[in-house]
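Read the structure below first, then the notes.
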Amino acid sequence: MIRWYTKLYQKNLIHLLNRLLLMSIEQELIQGIQKAFKEVYNTDTPAAPVIEQTKREFVGDYTFVVFPYLKLSKKKPEQTGNDIGEFLKKELAFVSGFNVIKGFLNIEIGDSFWVKFLNDNYALSDFGKSSAKNKKIMVEYSSPNTNKPLHLGHIRNNLLGYAVAEILAYNGYEVIKANLINDRGIHICKSMLAWMKFGNGETPQSSGMKGDHLVGKYYVEFDKAYKAEIDQLVSGGMEKEHAEQEAPLIKGAKELLLKWEQGDAETLRIWKMMNGWVYEGFELTYKRLGVNFDKFYYESNTYLLGKKAVQEGLQQGAFYQKEDGSIWIDLTADGLDHKLLQRSDGTSVYITQDIGTAQMKYDEYKMDRSVYVVGNEQDYHFKVLQLILKHLGKVYAYGVYHLSYGMVDLPSGKMKSREGTVVDADDLLDELHHTSEKITKELGKTEGFTQEQLSELYEQIGQGALKYFLLKVDPKKRLLFDPKESIDFQGNTGPFIQYTYARISSVMRSAPAYTVVPESHSLLSEEKELIYTLYRFNEAVELAGKEMSPAVMANYAYELVKAYNKLYHELTILKETDEQKRNLRLMLSAMTRNVVKTSLRLLGIAAPEKM
RNA sequence: GGUCUCGUAGCUCAAUUGGAUAGAGCAUCUGACUACGGAUCAGAAGGUUUGGGGUUCGAAUCCCUACGAGACCGCCA
36 MIRWYTKLYQ KNLIHLLNRL LLMSIEQELI QGIQKAFKEV YNTDTPAAPV
86 IEQTKREFVG DYTFVVFPYL KLSKKKPEQT GNDIGEFLKK ELAFVSGFNV
136 IKGFLNIEIG DSFWVKFLND NYALSDFGKS SAKNKKIMVE YSSPNTNKPL
186 HLGHIRNNLL GYAVAEILAY NGYEVIKANL INDRGIHICK SMLAWMKFGN
236 GETPQSSGMK GDHLVGKYYV EFDKAYKAEI DQLVSGGMEK EHAEQEAPLI
286 KGAKELLLKW EQGDAETLRI WKMMNGWVYE GFELTYKRLG VNFDKFYYES
336 NTYLLGKKAV QEGLQQGAFY QKEDGSIWID LTADGLDHKL LQRSDGTSVY
386 ITQDIGTAQM KYDEYKMDRS VYVVGNEQDY HFKVLQLILK HLGKVYAYGV
436 YHLSYGMVDL PSGKMKSREG TVVDADDLLD ELHHTSEKIT KELGKTEGFT
486 QEQLSELYEQ IGQGALKYFL LKVDPKKRLL FDPKESIDFQ GNTGPFIQYT
536 YARISSVMRS APAYTVVPES HSLLSEEKEL IYTLYRFNEA VELAGKEMSP
586 AVMANYAYEL VKAYNKLYHE LTILKETDEQ KRNLRLMLSA MTRNVVKTSL
636 RLLGIAAPEK M
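The first sequence begins at 36 in my numbering and counts up by one.
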């Protein structure tokens with residue numbers, strides 16, 4: 036018992052020390068370089084010398100570029116590199132050698148450092164996880180409208196939001212996942228009106244349709260009928276713009292919105308019922324995608340809140356009122372325009388609701404940062420929102436961050452729900468499930484799986500392909516999706532990473548007992564490369580968090596499995612007869628398995644043991 | 001009209017945030033399985049980083065300009 040505790044204690048201690056050490060290896064180099072300037076050249080030390088990883092085609096692990104510091108050394112680049120290299124080699128035990136090419140000082144780290152690193156960390160299932168930072172971040176994502184089902188663009192949003200939240204949590208932040216449901220407004224009234232007019236009481240039960248799809252069907256029907264009305268009015272001689280206002284359907288929808296705002300019982304009943312259908316549908320899709328939320332906000336609850344803030348701002352003099360009663364903010368000093376905050380009839384606009392919701396969120400959570408995962412079409416909106424909050428003197432304004440991601444476009448252009456030119460989320464997931472099933476069957480490696488396990492596996496791999504496909508791209512960039520070209524399962528893909536995980540798992544299942552190796556053990560290039568990649572996991576997690584970019588994580592995972600597969604192919608593991616070599620490779624396998632699993636988890640991708 | 005993104009191999013994406021000879025995957029071609037899992041590995045070919053100018057030791061990255069693509073600028077959400 037005592038031994039067990041001691042062991043556990045030691046393990047934790049080692050873990051802790053490691054984190055300190057990990058923090059400091061690059062910093063030790065930096066400090067060493069600063070010291071070198073002081074002692075060798077007797078000059079001021081450069082404030083923050085930059086250390087980078089050495090490119091593969093050169094010998095070495097870390098590179099210091101001396102060009103910017105020649106003013107300090109007053110020597111030629113080669114000479115400066117040599118001076119500092121010599122100093123570092125004497126000063127730091129883990130520096131085993133160096134070479135200088137032009138102005139690049141390539142520093143070599145000795146094998147013993149890498150072996151020790153592996154010995155200390157191979158068994159940690161939470162390697163790379165930061166200790167608590169005592170900071171709260173709210174990540175709002177998904178935030179759907181309740182008048183139509185989710186499409187591929189929403190999937191990108193959901194996956195991004197989820198992955199960013201997971202990555203931030205792994206970086207030590209306390210994360211609150213929030214979803215602001217856009218459940219009121221003219222859009223839902225359109226679906227409602229169409230259902231009332233053409234629906235004949237159809238329900239998800241009676242039609243067998245998923246609730247969100249049923250409501251979406253009426254949204255499309257509204258648009259069709261509305262366009263027909265416009266055409267008719269236009270052919271009767273009316274101007275198009277006028278017709279768009281005068282069509283009976285749009286008038287009806289506006290009337291419905293008014294009734295809703297006045298609290299008309301029948302309207303509210305239908306609204307609640309149809310929203311309920313949509314929620315049931317969303318629930319299924321969220322569950323299938325594996326995303327979740329800690330807090331739901333409903334716009335119907337928050338849309339009036341902003342008005343209070345608007346009154347505050349008016350009293351403070353941050354806003355001004357026009358004669359017709361409408362309220363505005365002047366943002367010309369910030370390089371923007373005047374912005375309406377409240378209509379002349381006293382009703383609130385979109386941005387007003389966001390002001391209210393921001394306050395509500397902060398009152399409840401007092402978070403340090405508030406991240407909004409919203410498409411880049413709303414860049415302007417969020418710029419304005421943050422400015423307004425600043426003008427109102429809200430401290431939390433500075434924590435607002437718009438994680439702006441690019442739209443998912445089709446070869447034909449933008450997806451439009453109303454026109455039905457969308458890649459439906461549920462359809463796409465089904466399709467990938469089937470593709471995955473087909474490929475898996477062709478490869479025929481799933482002996483002993485039950486029907487249920489097979490179905491789960493197909494789903495995991497299909498989603499692995501989709502999620503990786505969407506997440507490996509820098510969030511900021513727009514994404515092109517061609518429905519005619521199926522998502523790959525080979526190469527730089529989710530299934531490739533999943534495959535490597537399954538492959539390592541297979542090795543480990545038949546692995547003999549193994550243990551750490553002496554630090555004097557020397558490494559082959561494949562081994563060294565893999566350890567080096569594993570070592571960089573911390574950096575990848577940190578950068579992914581800092582940039583809020585799951586793409587960093589995805590690309591790291593790909594590099595890692597590539598390094599492992601290379602080693603796997605070039606060297607034997609289980610059949611290796613030299614015990615120390617076998618032990619080292621088993622440690623490498625174990626650690627790679629852990630890190631791949633964590634990387635996938637941070638991306639929301641499942642890691643199957645067999646596939 | 002104004003503002004803001006973006007433009008890298010045929011296609012989809014990287015490039016340690018200003019560093020070395022711009023890297024991967026797909027597609028094409030060539031090679032490696034009586035196997036520790038071939039959804040793999042090795043190799044070939046593919047580039048004036050949209051064009052032009054500038055900044056400096058050094059530019060895909062920063063500045064200017066032209067062209068091209070997209071988004072936003074509503075008392076819509």
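Even for Gly, the Cβ is constructed at its ideal location relative to N, Cα and C.
(request) Please go through the same chain and pick out, in chain order, the residues whose beta-carbon is closer than 8 Å to the beta-carbon of residue 559, but skip the five residues on each side of it. (result) In the first sequence, counting from the first residue as 1, residue 559 sits at position 524. Counting only Cβ-Cβ distances below 8 Å, and skipping sequence neighbours, we find 606.
(message) What does DSSP give as the partner residue(s) for residue 491 in the beta ladder?
(response) Stepping through the first sequence from its first residue, residue 491 is reached at position 456. Looking at the DSSP assignment, residue 491 forms no beta bridge with any residue, so it has no partner.
(request) Using 10 angstroms around the beta-carbon of residue 184, count the other beta-carbons present and answer buried if the total reaches 16, otherwise exposed. (result) For the purposes of this step, residue 184 is taken as the residue at position 149 of the first sequence. Here residue 184 is buried, its C-beta having at least 16 other C-beta atoms within 10 Å.
(request) Spell out a yes or no on whether the stretch 165–179 and the stretch 585–596 are touching, meaning 3 or more CB-CB pairs, one atom from each, closer than 8 Å. (result) Cβ pair count under 8 Å is below three, so no.
(request) Kindly list the residues whose CB is nearer than 7 Å to the CB of residue 80, restricted to its own chain and excluding five residues on each side of it in sequence; keep chain order. (result) On the first sequence, position 45 is the one that residue 80 refers to. 69, 72 and 73.
(request) Confirm, please, whether the CB-CB distance from residue 510 to residue 584 is below 8 Å. (result) Position 549 of the first sequence, counted from the first residue, corresponds to residue 584. Position 475 of the first sequence, counted from the first residue, corresponds to residue 510. Yes.
(message) Please report the distance separating the alpha-carbon of residue 228 from that of residue 460.
(response) As a first step, residue 228 is located in the first sequence; it is residue number 193 there, counting from the start. As a first step, residue 460 is located in the first sequence; it is residue number 425 there, counting from the start. Between residue 228 and residue 460, the C-alpha separation is close to 25 Å.
(message) Please return the same chain residues whose Cβ sits closer than 6 Å to the Cβ of residue 200, not counting the five positions on each side in sequence.
(response) If you number the first sequence from 1, residue 200 lands on position 165. Spatial neighbours of residue 200 in its own chain (CB-CB distance under 6 Å, excluding positions within 5 residues in sequence) are listed in chain order as 174, 210 and 212.
(message) Starting from residue 304, trace the alpha helix (DSSP H) in both directions and tell me its first and last residue.
(response) Position 269 of the first sequence, counting from 1, holds the residue named residue 304. Unbroken alpha helix (DSSP H) run through residue 304: 300–324.
(message) Can you tell me which residues form a DSSP beta bridge with residue 356?
(response) For this step, residue 356 is matched to residue 321 along the first sequence. Answer by DSSP bridge pairing, in chain order: 362.
(request) Sort out for me which residues DSSP pairs residue 410 with in a bridge. (result) For the purposes of this step, residue 410 is taken as the residue at position 375 of the first sequence. In DSSP, residue 410 forms a bridge with 440.
(request) Could you tell me the distance, in whole angstroms, from the CA atom of residue 457 to the CA atom of residue 304? (result) Here the question's residue 457 lines up with position 422 in the first sequence. Here the question's residue 304 lines up with position 269 in the first sequence. In this structure, the alpha-carbon of residue 457 lies about 30 Å from that of residue 304.
(request) State the beta-bridge partners of residue 186 as determined by DSSP. (result) For this step, residue 186 is matched to residue 151 along the first sequence. For residue 186, which the question treats as bridged, DSSP gives the partners 459.
(request) Enumerate, from N- to C-terminal direction, the unbroken alpha helix (DSSP H) stretches of 4 or more residues contained entirely within the stretch 533–587. (result) Runs found: 560–570 and 572–582.
(request) Return helix, strand or coil for residue 276, following the three-state DSSP convention. (result) Sequence index remark: in the first sequence, residue 276 carries index 241 (1-based). Residue 276: helix per DSSP, three-state reduction.
(message) I'd like to know whether the C-beta atoms of residue 634 and residue 539 end up nearer to each other than 8 Å.
(response) Within the first sequence, the letter at position 599 stands for residue 634. Within the first sequence, the letter at position 504 stands for residue 539. Taking a C-beta distance under 8 Å as the contact criterion, residue 634 and residue 539 do not qualify as a contact pair.
(request) Please determine if the stretch 148–159 and the stretch 546–559 are in contact, where contact requires at least 3 C-beta pairs separated by less than 8 Å. (result) Taking 8 Å as the limit for Cβ pairs, the verdict is that the stretch 546–559 does touch the stretch 148–159.
(message) Between the alpha carbons of residue 138 and residue 105, how many angstroms are there, rounded?
(response) Position 103 of the first sequence, counted from the start, is the residue given in the question as residue 138. Position 70 of the first sequence, counted from the start, is the residue given in the question as residue 105. Straight-line measurement puts the Cα of residue 105 at about 10 Å from the Cα of residue 138.
(request) Indicate the three-state DSSP secondary structure (helix, strand or coil) for residue 97 in the structure shown. (result) Looking up residue 97 in the first sequence gives position 62. Three-state DSSP puts residue 97 in a strand.
(request) Could you have a look at residue 404 and say whether DSSP puts it in helix, strand or coil? (result) The residue you call residue 404 lines up with position 369 of the first sequence. Residue 404: strand per DSSP, three-state reduction.
(request) From the DSSP output, in three-state form, read off residue 213 for me. (result) If you number the first sequence from 1, residue 213 lands on position 178. Residue 213: strand per DSSP, three-state reduction.
(request) Would you mind working out which of 608, 124 and 388 sits nearest residue 338, comparing C-alpha positions? (result) The residue given as residue 338 occupies position 303 in the first sequence. Checking every option, the nearest Cα to that of residue 338 belongs to 388.
(message) Under DSSP, the alpha helix (DSSP H) around residue 257 begins and ends at which residues?
(response) By one-based count along the first sequence, residue 257 stands at place 222. From DSSP, the alpha helix (DSSP H) with residue 257 extends over 246–270.
(request) Just mark residue 226 as buried or exposed, buried being the case when its beta carbon has 16 or more other beta carbons within 10 Å. (result) Residue mapping note: residue 226 aligns to position 191 of the first sequence, counting from 1. Residue 226 is buried by the Cβ-count criterion.
(request) Please state whether DSSP places residue 202 in a helix, a strand or coil. (result) Taking the first sequence and counting its residues from 1, the one referred to as residue 202 is at position 167. Residue state, collapsed to three classes: helix.
(message) What does the alpha-carbon distance come out to for the pair residue 308 and residue 642?
(response) Translated into the one-based positions of the first sequence, residue 308 becomes position 273. Translated into the one-based positions of the first sequence, residue 642 becomes position 607. Rounded to whole angstroms, residue 308 to residue 642 spans 39 Å at the Cα level.
(request) Using three-state DSSP, classify residue 525 as helix, strand or coil. (result) Your numbering for residue 525 matches position 490 in the first sequence. If DSSP states are grouped into helix, strand and coil, residue 525 belongs with coil.
(request) Identify, in the order they occur along the chain, each residue of the same chain with its Cβ nearer than 7 Å to the Cβ of residue 316, setting aside the five sequence neighbours on each side. (result) Taking the first sequence and counting its residues from 1, one reaches residue 316 at position 281. Same-chain partners within the cutoff: 184, 245, 246, 247 and 248.
(message) Which residues does DSSP list as the beta-bridge partners of residue 144?
(response) Against the first sequence, residue 144 aligns to sequence position 109. According to DSSP, residue 144 bridges with 130.
(request) For residue 56, I'd like the list of residues in its chain whose CB is within less than 6 Å of its CB, leaving aside the five on either flank, ordered along the chain. (result) On the first sequence, position 21 is the one that residue 56 refers to. Caution applies to residue 56, whose pLDDT of 47 falls short of 50 and renders its modelled position unreliable; the model cannot decide the point.
(message) Looking at residue 205: is its Cβ nearer than 8 Å to the Cβ of residue 168?
(response) In the first sequence, residue 205 corresponds to position 170, counting from 1. In the first sequence, residue 168 corresponds to position 133, counting from 1. Contact flag unset, no.
(message) Classify residue 252: buried if its beta carbon has 16 or more other beta carbons within 10 angstroms, exposed otherwise.
(response) Locating residue 252 in the first sequence gives position 217, counting from the first residue. Buried, since its Cβ has 16 or more Cβ neighbours within 10 Å.
(message) I'd like to check one pair, residue 435 with residue 445: are the Cβ atoms closer than 8 Å?
(response) Looking up residue 445 in the first sequence gives position 410. Looking up residue 435 in the first sequence gives position 400. In this structure, residue 435 does not lie closer than 8 Å to residue 445 by Cβ.
(request) Take residue 356 and list the residues in its own chain whose beta-carbon comes closer than 6 Å to its own, dropping the five residues that flank it on each side. (result) If you number the first sequence from 1, residue 356 lands on position 321. 362.
(message) Can you list, in chain order, the residues of its chain with a C-beta nearer than 6 Å to that of residue 42? Leave out the 5 residues immediately preceding and following it.
(response) Within the first sequence, numbered from 1, the residue matching residue 42 stands at position 7. The predicted position of residue 42 is uncertain, since its pLDDT is 41 and thus under 50; a value taken from the coordinates is nonetheless stated next. Around residue 42: no qualifying Cβ.
(request) Output the distance between the C-alpha atoms of residue 260 and residue 266, rounded to the nearest integer angstrom. (result) Indexing the first sequence from 1 puts residue 260 at position 225. Indexing the first sequence from 1 puts residue 266 at position 231. Between residue 260 and residue 266, the C-alpha separation is close to 10 Å.
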